[in-house]
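Its first residue numbered 25, the sequence shown is counted upward by one per residue in the numbering used here. Data first, discussion second: the structure below is written as structure tokens.
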Amino acid sequence: MSMPATLTLTRPDDWHLHLRDGAALRAVLPYTAAQFARAIVMPNLKPPVTTASQAIAYRERILAARPAGSDFTPLMTLYLTDTTTPAEIARAKAAGVVALKLYPAGATTNSDDGVTDIRKTRATLEAMQREGLLLLVHGEVTDPAVDIFDREAVFIDRVMIPLRRDFPELKIVFEHLTTREAAHYVRDADAHTAATITAHHLLYNRNALFVGGLRPHFYCLPILKREEHRQALLAAATSGSPKFFLGTDSAPHAAALKEASVCGAGCFTAPAALELYAEAFEAAGALARLEGFASHFGADFYGLPRNTGCVTLLRQPRTLPEQLPFGEVTIKPLLGGQELNWSLQPGWS
Ligand code: NCD
Ligand code: ZN
Numbered sequence: 025m026s027m028p029a030t031l032t033l034t035r036p037d038d039w040h041l042h043l044r045d046g047a048a049l050r051a052v053l054p055y056t057a058a059q060f061a062r063a064i065v066m067p068n069l070k071p072p073v074t075t076a077s078q079a080i081a082y083r084e085r086i087l088a089a090r091p092a093g094s095d096f097t098p099l100m101t102l103y104l105t106d107t108t109t110p111a112e113i114a115r116a117k118a119a120g121v122v123a124l125k126l127y128p129a130g131a132t133t134n135s136d137d138g139v140t141d142i143r144k145t146r147a148t149l150e151a152m153q154r155e156g157l158l159l160l161v162h163g164e165v166t167d168p169a170v171d172i173f174d175r176e177a178v179f180i181d182r183v184m185i186p187l188r189r190d191f192p193e194l195k196i197v198f199e200h201l202t203t204r205e206a207a208h209y210v211r212d213a214d215a216h217t218a219a220t221i222t223a224h225h226l227l228y229n230r231n232a233l234f235v236g237g238l239r240p241h242f243y244c245l246p247i248l249k250r251e252e253h254r255q256a257l258l259a260a261a262t263s264g265s266p267k268f269f270l271g272t273d274s275a276p277h278a279a280a281l282k283e284a285s286v287c288g289a290g291c292f293t294a295p296a297a298l299e300l301y302a303e304a305f306e307a308a309g310a311l312a313r314l315e316g317f318a319s320h321f322g323a324d325f326y327g328l329p330r331n332t333g334c335v336t337l338l339r340q341p342r343t344l345p346e347q348l349p350f351g352e353v354t355i356k357p358l359l360g361g362q363e364l365n366w367s368l369q370p371g372w373s
């Protein structure tokens, strides 16, 4: 089979992204703006973005941090708490907020204000269902009695299935799938259920955490799983099903915080996001399916127009910088210092 030298796609979107704030935001936003037309911006700042007016202010800070000439559009989300009101949902809708993020309290980075019991949010979820706001779910239980590698699968039974039954019209995105159970759950669910998949979960299994020693830059939540799960995710992403679309979960943490005795969860993939997805799809013999996954299905599920214009990937090896500036400190991209097979042509047409 001949290998194409270029791959041109409709401009893609990132349906799950952490941009942070302040100097960190200014440091990381250019990487995403160079690749993606839009991104769903996670609300887990400190303190979290819980109100429409906070989302409007955060959107303004993101727009102000865009590189000159960029038309990147941030799509804003609110952080769902036990006390988010239906009135706040109406204000969010009016402000152009597109979704709420459900973090089970304590599940991951900056999730202490998350939902302690989904039943407390019933009236708010009803308002979202009515107003057409999506629910984006970090699908892991936080019960310390459940093994960390099983927390996603247990979440399906304990939370997802009852939630789906109680709010049949609510659009739900099961974020950053990591298991076969979740991939099959979404595949077999109704049309109001979809999922994002990260590049790192398509490329790596949990062995990557331990190659020759502990590898903090591969530590993210939900944590990498066994090879059989990676295979199931790859099958889902390359299946052509519109229920699965691109969400990098690029989650920047300073290098010093990753390389500490307690390492923050998150992989920083924004500097080469599309290139990493291209590697995964190519290895699966499915490069032709990348465009739907990266550029069409997410917009369709969110009810937003597909982008116009294109980006082009070149089969031209490039070495990712080992570290990059991050405000006053530095940050290490996943696979920094290593050679990637693809390069994104700068700019777009
Ligand atoms: C995210 C972060 O750092 O904000 N970390 C991660 O491992 N994915 C939080 C999250 O999305 O879970
Ligand atoms: Zn995330």
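Ideal Cβ positions, reconstructed from N, Cα and C, are used throughout, including at glycine.
> Can Ala275 be considered in contact with ligand 1, in the sense that its beta carbon sits closer than 6 Å to one or more heavy atoms?
Replying inline: Position 251 of the sequence shown holds residue 275. Yes; taking the cut-off as 6 Å, the Cβ of Ala275 has a heavy atom of ligand 1 nearer than that.
> Would you say the segment 28 to 47 touches the segment 249 to 263, given that touching needs at least three Cβ pairs under 8 Å?
Replying inline: no
>> Just to confirm the assignment, what range does the beta strand (DSSP E) spanning Leu226 have?
In response: Within the sequence shown, the letter at position 202 stands for residue 226. Segment Ala223 to Leu227 is the alpha helix (DSSP H) holding Leu226; no beta strand (DSSP E) there.
> If you run the structure through DSSP and keep just helix, strand and coil, what is Pro67?
Replying inline: For the purposes of this step, residue 67 is identified with residue 43 of the sequence shown, where counting begins at 1. Correct three-state label for Pro67: coil.
> Thinking just about the alpha-carbon of each residue, which of Leu270, Asn365, Leu149 and Leu328 is nearest to the one in Ala307?
Replying inline: Stepping through the sequence shown from its first residue, residue 307 is reached at position 283. Checked all of Leu270, Asn365, Leu149 and Leu328; the closest Cα to Ala307 is Asn365.
> Residues bridged to Cys334 by DSSP?
Replying inline: Reading the sequence shown from its first residue, position 310 is the one you call residue 334. Answer is Thr34, bridged to Cys334.
>> Just to confirm before moving on: does the CB-CB distance between Ala178 and Val197 stay below 7 Å?
In response: Position 154 of the sequence shown, counting from 1, holds the residue named residue 178. Position 173 of the sequence shown, counting from 1, holds the residue named residue 197. The sequence shown places Val at residue 178, not Ala. Against a cut-off of 7 Å, the Cβ pair of Val197 and Val178 comes out as no contact.
>> When you measure from the CB of Leu364 to every non-hydrogen atom of ligand 1, does any distance come out below 6 Å?
In response: Looking up residue 364 in the sequence shown gives position 340. No, the beta carbon of Leu364 sits no closer than 6 Å to any heavy atom of ligand 1.
> CB-CB under 6 Å to Gly163, same chain, minus the five flanking residues each way: which ones, in chain order?
Replying inline: Numbered from 1 along the sequence shown, position 139 holds the residue referred to as residue 163. Taken in chain order, the residues that qualify are Glu176, Phe179 and Phe198.
>> By the three-class DSSP mapping on this structure, what secondary structure does Glu363 have?
In response: As a first step, residue 363 must be located in the sequence shown, where it is residue number 339. In this structure, Glu363 counts as strand in the three-state DSSP scheme.
> Would DSSP call Arg44 helix, strand or coil?
Replying inline: Taking the first residue of the sequence shown as 1, we reach residue 44 at position 20. In the structure shown, Arg44 sits in coil (DSSP, three-state: anything other than H, G, I, E or B).
> Beta-carbon separation of Leu358 and Ala304 under 7 Å?
Replying inline: Reading the sequence shown from its first residue, position 334 is the one you call residue 358. Reading the sequence shown from its first residue, position 280 is the one you call residue 304. Going by C-beta atoms, Leu358 is not nearer than 7 Å to Ala304.
> Is it right to say Thr109 is buried, meaning 16 or more other beta carbons lie within 10 angstroms of its own, or is it exposed?
Replying inline: One-based indexing of the sequence shown puts residue 109 at position 85. Counting Cβ neighbours within 10 Å, Thr109 comes out exposed, since fewer than 16 surround it.
> So who's on the other strand from Met184, going by DSSP bridges?
Replying inline: Translated into positions along the sequence shown, residue 184 becomes position 160. Met184 is not bridged to any residue.
> Among all the DSSP beta bridges, which residues are the ones paired with Leu124?
Replying inline: Taking the first residue of the sequence shown as position 1, residue 124 is located at position 100. Per DSSP, Leu102 and Leu159.
>> I'd like to know whether the C-beta atoms of Arg90 and Ala61 end up nearer to each other than 7 Å.
In response: Within the sequence shown, residue 90 is the residue found at index 66, counting from 1. Within the sequence shown, residue 61 is the residue found at index 37, counting from 1. Against a cut-off of 7 Å, the Cβ pair of Ala61 and Arg90 comes out as no contact.
> Would the C-beta of Met100 count as close to ligand 2, meaning under 6 Å from any of its heavy atoms?
Replying inline: Against the sequence shown, residue 100 aligns to sequence position 76. No, ligand 2 has no heavy atom inside 6 Å of this Cβ.
>> Check this for me: beta carbons of Asp141 and His200, under 7 Å apart or not?
In response: As a position in the sequence shown, residue 141 is number 117, starting the count at 1. As a position in the sequence shown, residue 200 is number 176, starting the count at 1. No, the pair does not count as a contact, with Cβ atoms beyond the cut-off.
> If His241 and Cys291 are in contact, beta carbons under 8 Å, what's the gap, nearest whole angstrom?
Replying inline: Here the question's residue 241 lines up with position 217 in the sequence shown. Here the question's residue 291 lines up with position 267 in the sequence shown. That belief holds up - the Cβ atoms of His241 and Cys291 are roughly 7 Å apart, short of 8 Å.
> Between which two residues does the alpha helix (DSSP H) containing Pro341 stretch?
Replying inline: Your numbering for residue 341 matches position 317 in the sequence shown. First-last for Pro341: undefined, no H or E at that position.
>> What does the Cβ neighbour count give for Asn68, buried or exposed, with the cut at 16 atoms within 10 Å?
In response: Position 44 of the sequence shown, counted from the first residue, corresponds to residue 68. Flag for Asn68 reads buried.
>> Tell me which residue opens and which closes the alpha helix (DSSP H) that Pro110 is part of.
In response: Start at 1 with the first residue of the sequence shown, and residue 110 comes out as number 86. From DSSP, the alpha helix (DSSP H) with Pro110 extends over Pro110 to Ala119.
> Could you give the residue range of the beta strand (DSSP E) that holds Leu298?
Replying inline: Residue 298 sits at position 274 when you count from the first residue of the sequence shown. That residue, Leu298, is in no beta strand (DSSP E); its alpha helix (DSSP H) goes Ala297 to Ala307.
>> Taking 8 Å as the limit between beta carbons, can you name the residues of its chain near Glu150, skipping five residues before and five after?
In response: The residue given as residue 150 occupies position 126 in the sequence shown. If we look at Glu150 and ignore the five residues flanking it on each side, its Cβ neighbours are Pro110 and Phe191.
> How many angstroms separate the CA atom of Pro154 from the CA atom of Thr148?
Replying inline: Counting from 1 along the sequence shown, the entry for residue 154 is found at position 130. Counting from 1 along the sequence shown, the entry for residue 148 is found at position 124. What sits at residue 154 in the sequence shown is Arg, not Pro. Going by the C-alpha atoms only, they are around 10 Å apart.
> Could you give the residue range of the alpha helix (DSSP H) that holds Phe179?
Replying inline: Locating residue 179 in the sequence shown gives position 155, where the first residue counts as 1. Phe179 -> alpha helix (DSSP H) spans Arg175 to Phe179.
>> Rounded to whole angstroms, what is the Cα-Cα separation between Arg83 and Phe96?
In response: Start at 1 with the first residue of the sequence shown, and residue 83 comes out as number 59. Start at 1 with the first residue of the sequence shown, and residue 96 comes out as number 72. Near 11 Å, if we compare the C-alpha coordinates of Phe96 and Arg83.
>> Quick check: the Cα distance between Arg239 and Thr202, rounded to an integer number of angstroms?
In response: Here residue 239 refers to the residue found at position 215 of the sequence shown. Here residue 202 refers to the residue found at position 178 of the sequence shown. Straight-line Cα distance between these residues: approximately 18 Å.
> For Gln153, which three-state DSSP category applies?
Replying inline: Within the sequence shown, numbered from 1, the residue matching residue 153 stands at position 129. Helix.
>> Measuring straight from C-alpha to C-alpha, what distance separates Val73 and Val121?
In response: By one-based count along the sequence shown, residue 73 stands at place 49. By one-based count along the sequence shown, residue 121 stands at place 97. Taking the straight line from one Cα to the other gives about 11 Å.
> Would the C-beta of Leu245 count as close to ligand 1, meaning under 6 Å from any of its heavy atoms?
Replying inline: Here residue 245 refers to the residue found at position 221 of the sequence shown. Yes, the Cβ of Leu245 comes within 6 Å of a heavy atom of ligand 1.
>> At 4 residues or longer, what runs of the alpha helix (DSSP H) sit wholly inside the segment 241 to 265?
In response: 251 to 261
> Taking just the CA atoms, how far does Ile247 sit from Tyr228?
Replying inline: Here the question's residue 228 lines up with position 204 in the sequence shown. Here the question's residue 247 lines up with position 223 in the sequence shown. Distance between the alpha carbons of Tyr228 and Ile247: 11 Å.
> Sorted by chain position, which residues of the same chain lie with C-beta nearer than 8 Å to Ile172's C-beta, five sequence neighbours on each side aside?
Replying inline: The residue you call residue 172 lines up with position 148 of the sequence shown. Cβ neighbours of Ile172 beyond the five flanking positions: Ile247.
> Is Met66 near ligand 2, going by C-beta to nearest heavy atom under 6 Å?
Replying inline: Start at 1 with the first residue of the sequence shown, and residue 66 comes out as number 42. At least one heavy atom of ligand 2 is nearer than 6 Å to the Cβ of Met66, so yes.
> Under three-state DSSP, which class holds Val197?
Replying inline: Along the sequence shown, read from residue 1 onward, the residue named residue 197 stands at position 173. Strand, per DSSP.
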